[in-house]
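*Asks:*
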Amino acid sequence: MSEPSASDRPKADSLKPLKTLWPFITPYSGTLFAAMAALLVASAAMLAMPVALRYLIDNGFMAQSVGTVNRYFFWFLLASLVFSLFASLRYYLVTWLGERVVADIRKAVYARVIRMDPAFFEVTRTGEVLSRLTTDTTLVQSISGSGLSIALRSTLSLVGGLFMLVLTSPRMAGYTLMGIVVVVVPVIAVGRILRRLSRQSQDRVADTSGLAGETLNAMQTVQSFTLEDLQAGRYADAVKASFATAVRRIRMNAFLVGVAFALVFIMLTLFLWGGSRSVLAGEMTGGQLGQFLMYAFFVGSSAMALSSLWGEIQRAAGAMERLTELLQAEPGIRTPQNPASLPDRVSGRIEFDGAGFSYPSRPDEKALDNFSLVVEPGDTVAIVGPSGAGKSTSFQLLLRFYDLLEGQIRIDGVDIARLDPRALRRVIGLVPQETVLFGESALENIRYGRPGATDEEVREAARLAAADEFINRLPDGYETFLGERGTRLSGGQRQRIAIARAILKDPPVLLLDEATSSLDAESERLVQAALEGLMENRTTLVIAHRLATVKKVDRILVMNHGRLEAIGPHENLIRDNALYARLAELQFGAV
Numbered sequence: 093m094s095e096p097s098a099s100d101r102p103k104a105d106s107l108k109p110l111k112t113l114w115p116f117i118t119p120y121s122g123t124l125f126a127a128m129a130a131l132l133v134a135s136a137a138m139l140a141m142p143v144a145l146r147y148l149i150d151n152g153f154m155a156q157s158v159g160t161v162n163r164y165f166f167w168f169l170l171a172s173l174v175f176s177l178f179a180s181l182r183y184y185l186v187t188w189l190g191e192r193v194v195a196d197i198r199k200a201v202y203a204r205v206i207r208m209d210p211a212f213f214e215v216t217r218t219g220e221v222l223s224r225l226t227t228d229t230t231l232v233q234s235i236s237g238s239g240l241s242i243a244l245r246s247t248l249s250l251v252g253g254l255f256m257l258v259l260t261s262p263r264m265a266g267y268t269l270m271g272i273v274v275v276v277v278p279v280i281a282v283g284r285i286l287r288r289l290s291r292q293s294q295d296r297v298a299d300t301s302g303l304a305g306e307t308l309n310a311m312q313t314v315q316s317f318t319l320e321d322l323q324a325g326r327y328a329d330a331v332k333a334s335f336a337t338a339v340r341r342i343r344m345n346a347f348l349v350g351v352a353f354a355l356v357f358i359m360l361t362l363f364l365w366g367g368s369r370s371v372l373a374g375e376m377t378g379g380q381l382g383q384f385l386m387y388a389f390f391v392g393s394s395a396m397a398l399s400s401l402w403g404e405i406q407r408a409a410g411a412m413e414r415l416t417e418l419l420q421a422e423p424g425i426r427t428p429q430n431p432a433s434l435p436d437r438v439s440g441r442i443e444f445d446g447a448g449f450s451y452p453s454r455p456d457e458k459a460l461d462n463f464s465l466v467v468e469p470g471d472t473v474a475i476v477g478p479s480g481a482g483k484s485t486s487f488q489l490l491l492r493f494y495d496l497l498e499g500q501i502r503i504d505g506v507d508i509a510r511l512d513p514r515a516l517r518r519v520i521g522l523v524p525q526e527t528v529l530f531g532e533s534a535l536e537n538i539r540y541g542r543p544g545a546t547d548e549e550v551r552e553a554a555r556l557a558a559a560d561e562f563i564n565r566l567p568d569g570y571e572t573f574l575g576e577r578g579t580r581l582s583g584g585q586r587q588r589i590a591i592a593r594a595i596l597k598d599p600p601v602l603l604l605d606e607a608t609s610s611l612d613a614e615s616e617r618l619v620q621a622a623l624e625g626l627m628e629n630r631t632t633l634v635i636a637h638r639l640a641t642v643k644k645v646d647r648i649l650v651m652n653h654g655r656l657e658a659i660g661p662h663e664n665l666i667r668d669n670a671l672y673a674r675l676a677e678l679q680f681g682a683v
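Counting with the numbering used here, you get residues 93 to 683 for the letters of the sequence shown.
(1) Please list, in chain order, all residues of the same chain as residue 197 whose beta carbon is under 7 Å from its beta carbon, the five residues on each side excluded.
(2) Is the number of C-beta pairs between the region 369-388 and the region 134-154 that are closer than 8 Å three or more?
(3) Decide yes or no for the touch test of the region 465-474 against the region 435-445: beta carbon pairs closer than 8 Å, at least 3 of them.
(4) Judging by CA-CA distance, which residue of 299, 411, 661, 260 is the nearest neighbour of residue 379?
(5) Please return the same chain residues whose Cβ sits closer than 6 Å to the Cβ of residue 271, not counting the five positions on each side in sequence.
(6) Would you mind sorting residue 178 into buried or exposed? The rule is 16 or more other CB atoms within 10 Å of its CB.
(7) State the beta-bridge partners of residue 530 as determined by DSSP.
(8) Pick helix, strand or coil for residue 472, following the three-state DSSP scheme.
(9) For the alpha helix (DSSP H) containing residue 664, list its first residue and its last residue.
(10) Taking only three categories from DSSP, how would you classify residue 128?
(11) Hey, how far is the Cα of residue 203 from the Cα of residue 677?
(12) Which ranges does the alpha helix (DSSP H) cover as unbroken runs of at least 4 residues, wholly within the region 372-460, from first to last along the chain?
(13) Please say whether residue 121 and residue 141 have beta carbons closer to each other than 8 Å?
(14) Alpha carbon to alpha carbon, how far is residue 667 from residue 660?
(15) Less than 8 Å between the C-beta atoms of residue 483 and residue 635, yes or no?
(16) Would you call residue 94 buried or exposed, if buried means 16 or more other Cβ atoms sit within 10 Å of its Cβ?
(17) Where do the N-terminal and C-terminal ends of the beta strand (DSSP E) with residue 634 fall, by residue?
(18) Can you have a look at residue 320 and say buried or exposed, based on whether 16 or more other CB atoms are within 10 angstroms of its CB?
(19) Please tell me whether residue 246 and residue 394 are closer than 8 Å, where the distance is taken between their beta carbons.
(20) Less than 7 Å between C-beta atoms, sequence neighbours within five positions excluded: which residues of the same chain meet that for residue 242?
(21) Can you check which of these residues, 632, 674, 585, is closest to residue 470 by C-alpha distance?
(22) Between which two residues does the alpha helix (DSSP H) containing residue 177 stretch?
(23) Going by the C-beta, is residue 520 closer than 7 Å to any heavy atom of the ligand GTP?
(24) Residues in its own chain within less than 6 Å of residue 98 by CB, not counting five upstream and five downstream?
(25) Quick check: the region 553-562 against the region 523-533, are at least 3 beta-carbon pairs closer than 8 Å?
(26) Once the 5 residues before and after residue 210 are set aside, which same chain residues still bring their CB inside 6 Å of it?
(27) Do residue 462 and residue 446 have their C-beta atoms closer together than 8 Å?
Right under this line is the structure:
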């Protein structure tokens, strides 16, 4: 899924994106109904208070009856207490619901994104995804929690207040309805502008997150090239653009709130003036005026609350639209409707049959071109070639990170395009040249190879990968936190952790991107011995950069421009293939 710019994205011209919230709310319908019940009770108690005030004035003050005054004050106080209790319960339930819904949205978005294929991340920045998981979900949280609570309360107060206004004075209720129209029209008009500004503001925040994430993940590169000032300036420019967009949004929102407040207070003042004249003319009692003004206040305050909330609703709609883009994103690599199955015991026979492939970002350039190869079970095959020859591409296609454009890849005779990608990847172990470690302990980082492994199995894998000794020297041994991306370890140590993962996984097929390239001579000797034991009786493909590696394999593939140029043992290729002879001299330092 490509990441459109702010101008390319569809604008949230309605609140339709908020409908996407409903599937996340329905599992908690019981909580929602309880909140609605509490809302109804609280609203009924609130709407009863002006009635108590009316009779207090007309039957108590006017009749100068202390007993009547006491009785209506008691009912007024009781209505206030009931309102407070159920308003508090309603707020708790709705806010809990908002927190729960947003937590589920975050889980759903993350679960969807983590299953996307590499083509998605070629065109989508990680910082953009993180911005949606944090900033956008926070906006949705504000509207689905406290915002929803305010919206429900204000809407019911507005409707209930208008109904009671009609019962109190139909003529003045008509004036009230006209006043509400005067308030609502500018709110809707300004809201459209605010919605666009809100979406732009969120885009600019995502830009700053993307830039910061990109820079922080390459801190050593930034500092080694003394780019701190350059990157700080770029981030400052991004923050400035984000601030400028936010100021435009805030200015428009402030204008919206100011207009709404002014119109509501003007409306209330006119009502008070008209009502006072009606009392003097004997057309209504003082109690009716008091009752009408309280209902008018409820209606006015509800209208102000809804107008103030409208801007947040616009922002939440824009945020939900962005989240929905991720929730509806479909990976290019999909599980077939009726996936095939691999044998219970995979032997590891690999076949590339006329494989052709181009990366989505470079559709005119063939990364693999009519590539055919058969690797028998238990064989060890090295792949060599210049940069861009297709060595890593063959690994990525075998792992089905991308689908072929032409031909087939088969494991044990089964086309991998017919397999569930997860089932395929369970039988393949990968040791990349650049190891990725997680912000966990050494024990848990190795356990990623097989999450159900026992601690002793993890330690045994570490011993076989020559990692046990240095791990035990860490401050807390296997429980030592390795830092984000394993920053507390050397390159060679990180590589041995990755090899331990592959040993623990114990797959029938191994892919080694020169797994010993970052090790010193002593560690390389230990790890090479471990790998030789691991590679016995399993199919292994090795992207090779060292002479020691290619001399120990069954066959060597020479690749160039995505094609298989030659295949054979080291001695024959040195004699018969000019490209291999040149690569051997340049990369291996010997011929």
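Every residue, glycine too, gets a C-beta built ideally from N, C-alpha and C. Bear in mind that the values here come from a model prediction, so they are computed numbers and not experimental data.
*Replies:* Short version:
(1) Within the same chain, residue 197 has close Cβ partners 116, 229, 232, 415.
(2) Put simply, the region 369-388 touches the region 134-154. At least three CB pairs are less than 8 Å apart.
(3) At 8 Å Cβ cutoff, the stretches touch.
(4) Looking at the Cα atoms, 260 is the closest of the given residues.
(5) Here the set comprises 359.
(6) Buried, because 16 or more other Cβ atoms sit within 10 Å of the Cβ of residue 178.
(7) As DSSP reads the structure, residue 530 sits in no beta bridge.
(8) DSSP places residue 472 in strand when its eight states are reduced to three.
(9) Its alpha helix (DSSP H) spans residues 662-668.
(10) The three-state reading of DSSP puts residue 128 in helix, counting H, G and I together.
(11) If you take the alpha carbons of residue 203 and residue 677, they lie about 47 Å apart.
(12) Whole alpha helix (DSSP H) segments, 4+ residues: 378-419.
(13) Going by C-beta atoms, residue 141 is not nearer than 8 Å to residue 121.
(14) Separation of residue 667 and residue 660 (C-alpha to C-alpha, rounded to the nearest whole angstrom) is 11 Å.
(15) Result yes, Cβ atoms of residue 483 and residue 635 sit closer than 8 Å.
(16) Any reading at residue 94 must be qualified, since the residue scores a pLDDT of 40, below 50, and its modelled position is unreliable; no value is offered.
(17) For residue 634, the enclosing beta strand (DSSP E) begins and ends at 631-635.
(18) So residue 320 counts as exposed.
(19) Going by C-beta atoms, residue 246 is nearer than 8 Å to residue 394.
(20) Within the same chain, residue 242 has close Cβ partners 397, 401.
(21) Per the Cα distances, 632.
(22) Counting along the chain, the alpha helix (DSSP H) containing residue 177 begins and ends at 158-205.
(23) Looking for the ligand GTP in the displayed structure turns up nothing, as the structure carries no ligands at all.
(24) Model confidence at residue 98 stands at a pLDDT of 36, short of 50, so the residue's coordinates are unreliable and nothing is read from them.
(25) Taking 8 Å as the limit for Cβ pairs, the verdict is that the region 553-562 does not touch the region 523-533.
(26) Cβ neighbours of residue 210 beyond the five flanking positions: 493.
(27) With contacts defined as CB atoms closer than 8 Å, residue 462 and residue 446 qualify as a contacting pair.
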